[in-house]
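Chemist:
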Amino acid sequence: MLLLALALLASLVTSVAATATANALPPNFTSGHGIDVRNVWQSTPRTFVINIHSGSVDTRAISWTYHDVIVTLPENYNPNVAYPVLYLYHGRAQSPGAWHNEANIEAVTRGYPIITVAAEAGWAGWGTNWVNQSAGVQQWDRFHLDELIPWVDQNLNTIRAREGRAVAGFSMGGFVALRHATHRPWLFRMAVGMSGGYNLEDQRMRAAVTGPLPAKGLPLDGPFGAPWDGSWGFNNPWHRVSALGGVHTVLYAGTRHDDVLEAQAHRLTYEFHQHLLASGIANSWMVEYDCGHWIECAARVGIGRELPVMMDVLWHP
34 MLLLALALLA
44 SLVTSVAATA
54 TANALPPNFT
64 SGHGIDVRNV
74 WQSTPRTFVI
84 NIHSGSVDTR
94 AISWTYHDVI
104 VTLPENYNPN
114 VAYPVLYLYH
124 GRAQSPGAWH
134 NEANIEAVTR
144 GYPIITVAAE
154 AGWAGWGTNW
164 VNQSAGVQQW
174 DRFHLDELIP
184 WVDQNLNTIR
194 AREGRAVAGF
204 SMGGFVALRH
214 ATHRPWLFRM
224 AVGMSGGYNL
234 EDQRMRAAVT
244 GPLPAKGLPL
254 DGPFGAPWDG
264 SWGFNNPWHR
274 VSALGGVHTV
284 LYAGTRHDDV
294 LEAQAHRLTY
304 EFHQHLLASG
314 IANSWMVEYD
324 CGHWIECAAR
334 VGIGRELPVM
344 MDVLWHP
């Protein structure tokens, strides 16, 4: 009996030690689903910067020298527990690092059992597979939805159902978040658009899309084609709002009307909110008091306020 008891005790100690070791080890990010992992840098105990290559995205199309995905784990991440994931998209001419260097998303998400993935959205990618890719491959729909999500699920213990995913974005990234949620509502249970615009047939929106492109050497008909091209309508969240019936949708905009960009984003966002209501789609319209067109304010006031809601909407430990 004594020998049996000692054997059981040894087995228990070994099991506990193995679990503790597993919890202490960082994730091993490997290639897959069209994503080739080139380098992994652990910038903080919770955050990993993964340099990748994808045939869906030419690095000439992004703002930074390297194509990075930035993953922030919840505190005390346990690889034996499944977590929900929040996918984040940045604004035009930004990079995934804006969510960390400017928005401090790691501090914002502290205390919540959720993985955050800040994804590259391009200098002006707009979340679509570009019509004119003469200046480099840009297939953002494919990268974000067909490659990145299964790659994250491959490398981390995630809740692999729509109830385990939320998507959010700032400015251009807000459009990307709503664009993806309206195209593939079965992937996401919650969508948050902050300081964006959501009607590609609105001339103010078209000017915001095409106006900056020449500065980067990108063709005016790159993202959505010529003005009459059907891609404008196909990618327009305005015409796909019925898909949001089962997606908890939240829209944010700031009140700093002395900020020209935010004043326009406020008007465009409010119009989309009203369009959703007229279409019978429930949504939350939130005003970021004293916020201009700043990703830091969007994260602190927007994401910070919505995280408790995500815990109600999403499945989580």
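Positions 34 to 350 (my numbering) are the ones given, in order, by the sequence shown. Think of the CB as a built atom: it goes at the ideal place given N, C-alpha and C, for glycine as much as any other residue.
Work out the CA separation of A224 and H66 for me, nearest whole Å.
Modeler: By 1-based counting over the sequence shown, the position of residue 66 is 33. By 1-based counting over the sequence shown, the position of residue 224 is 191. Taking the straight line joining both Cα atoms gives about 24 Å.
Chemist: Consult DSSP for G337 and reduce its assignment to one of helix, strand or coil.
Modeler: Working through the sequence shown from its first residue, we reach residue 337 at position 304. Note: G337 maps to helix in three-state DSSP.
Chemist: If you draw a straight line from the C-alpha of S96 to the C-alpha of C324, how long is it?
Modeler: As a first step, residue 96 is located in the sequence shown; it is residue number 63 there, counting from the start. As a first step, residue 324 is located in the sequence shown; it is residue number 291 there, counting from the start. Distance between the alpha carbons of S96 and C324: 24 Å.
Chemist: Measure from the alpha carbon of V90 to the alpha carbon of each residue in Y145, E108 and T161, then state which is nearest.
Modeler: Residue mapping note: residue 90 aligns to position 57 of the sequence shown, counting from 1. The shortest Cα separation from V90 among Y145, E108 and T161 belongs to T161.
Chemist: When the Cα of W159 is compared with those of P218, L277, S264 and E135, which residue comes out closest?
Modeler: Taking the first residue of the sequence shown as 1, we reach residue 159 at position 126. For the residues P218, L277, S264 and E135, the minimum Cα distance to W159 belongs to S264.
Chemist: Between V118, D174, H349 and A168, which lies nearest to E153 when the distance is taken from Cα to Cα?
Modeler: Numbered from its first residue, the sequence shown carries residue 153 at position 120. The option with the nearest alpha carbon to E153 is D174.
Chemist: Please list the segments of the beta strand (DSSP E) lying wholly inside the segment 49-93, counting only runs of 3 or more residues, in order along the chain.
Modeler: Taking only runs of at least 3 residues, the beta strand (DSSP E) segments lying wholly in the segment 49-93 are 68-75 and 80-87.
Chemist: Count the other CB atoms within 10 Å of the CB of Q297; is the residue buried (16 or more) or exposed (fewer)?
Modeler: Translated into the one-based positions of the sequence shown, residue 297 becomes position 264. Under this definition Q297 is a buried residue.
Chemist: Can you tell me whether P107 is buried or exposed? The criterion is at least 16 other CB atoms within 10 Å of its CB, across all chains shown.
Modeler: Start at 1 with the first residue of the sequence shown, and residue 107 comes out as number 74. So P107 counts as buried.
Chemist: Given that a residue counts as buried once 16 or more other Cβ atoms are within 10 Å of its Cβ, and exposed if not, what is P78?
Modeler: Here the question's residue 78 lines up with position 45 in the sequence shown. P78 should be labelled exposed.
Chemist: Do G229 and T302 have their C-beta atoms closer together than 8 Å?
Modeler: Numbered from 1 along the sequence shown, position 196 holds the residue referred to as residue 229. Numbered from 1 along the sequence shown, position 269 holds the residue referred to as residue 302. Contact: yes.
Chemist: Using 8 Å as the threshold, is the C-beta distance between N165 and D254 below it?
Modeler: Translated into positions along the sequence shown, residue 165 becomes position 132. Translated into positions along the sequence shown, residue 254 becomes position 221. Yes, these two residues count as a Cβ contact at 8 Å.
Chemist: Give the range of the alpha helix (DSSP H) segment to which R239 is assigned.
Modeler: Along the sequence shown, read from residue 1 onward, the residue named residue 239 stands at position 206. Run containing R239: Q236 to T243, per the alpha helix (DSSP H) assignment.
Chemist: Would you call the CB atoms of H349 and P60 closer than 8 Å?
Modeler: Counted from its first residue, the sequence shown places residue 349 at position 316. Counted from its first residue, the sequence shown places residue 60 at position 27. Their beta carbons are not under 8 Å apart, which means H349 does not touch P60 by this criterion.
Chemist: Taking the beta strand (DSSP E) that R300 belongs to, which residues open and close that run?
Modeler: Translated into the one-based positions of the sequence shown, residue 300 becomes position 267. First-last for R300: V293 to A311, but that is the alpha helix (DSSP H), not the beta strand (DSSP E).
Chemist: Since T215 and L277 should fall inside the 8 Å C-beta cutoff, what is the C-beta to C-beta distance between them, to a whole number of angstroms?
Modeler: Counting from one through the sequence shown, the residue named residue 215 turns up at place 182. Counting from one through the sequence shown, the residue named residue 277 turns up at place 244. Indeed they touch by this definition, with Cβ atoms about 6 Å apart.
Chemist: Could you pull out every residue in the same chain whose Cβ sits closer than 6 Å to the Cβ of D186, ignoring the five residues on either side in sequence?
Modeler: What you label residue 186 is simply residue 153 of the sequence shown in a count that begins at 1. Closer than 6 Å at the Cβ level, and outside the excluded window around D186, lie R193.
Chemist: Thinking just about the alpha-carbon of each residue, which of T142, P260 and A168 is nearest to the one in I336?
Modeler: The count along the sequence shown starts at 1 and reaches residue 336 at position 303. Residue T142 is the option with its Cα nearest to I336.
Chemist: Considering only the alpha carbon of each residue, which of R333, F62 and A331 lies closest to L189?
Modeler: Against the sequence shown, residue 189 aligns to sequence position 156. L189 has its Cα closest to that of F62, out of R333, F62 and A331.
Chemist: Opposite H281 in the DSSP bridges: which residues?
Modeler: Residue numbering aside, residue 281 sits at position 248 when the sequence shown is read from its first letter. For H281, which the question treats as bridged, DSSP gives the partners M223.
Chemist: Would you kindly check if the distance between the Cβ of I85 and the Cβ of H133 is under 8 Å?
Modeler: For the purposes of this step, residue 133 is taken as residue 100 along the sequence shown, with counting starting at 1. For the purposes of this step, residue 85 is taken as residue 52 along the sequence shown, with counting starting at 1. No.
Chemist: Which residue from F203, H177 and S312 puts its Cα closest to that of H299?
Modeler: Within the sequence shown, numbered from 1, the residue matching residue 299 stands at position 266. Nearest of F203, H177 and S312 to H299, Cα basis: F203.
Chemist: Going by beta carbon distance, what residues of the same chain come within less than 6 Å of W74, once the five residues before and after it are set aside?
Modeler: Translated into positions along the sequence shown, residue 74 becomes position 41. Once the five neighbours on either side are set aside, the close Cβ partners of W74 are V82.
Chemist: In angstroms, rounded to a whole number, what distance separates the CA positions of E10 and A140?
Modeler: Only positions 34 to 350 of the chain appear in this structure, which leaves residue 10 out of reach.
Chemist: When you compare the CB positions of S167 and P252, do they come within less than 8 Å of one another, or not?
Modeler: For this step, residue 167 is matched to residue 134 along the sequence shown. For this step, residue 252 is matched to residue 219 along the sequence shown. Result yes, Cβ atoms of S167 and P252 sit closer than 8 Å.
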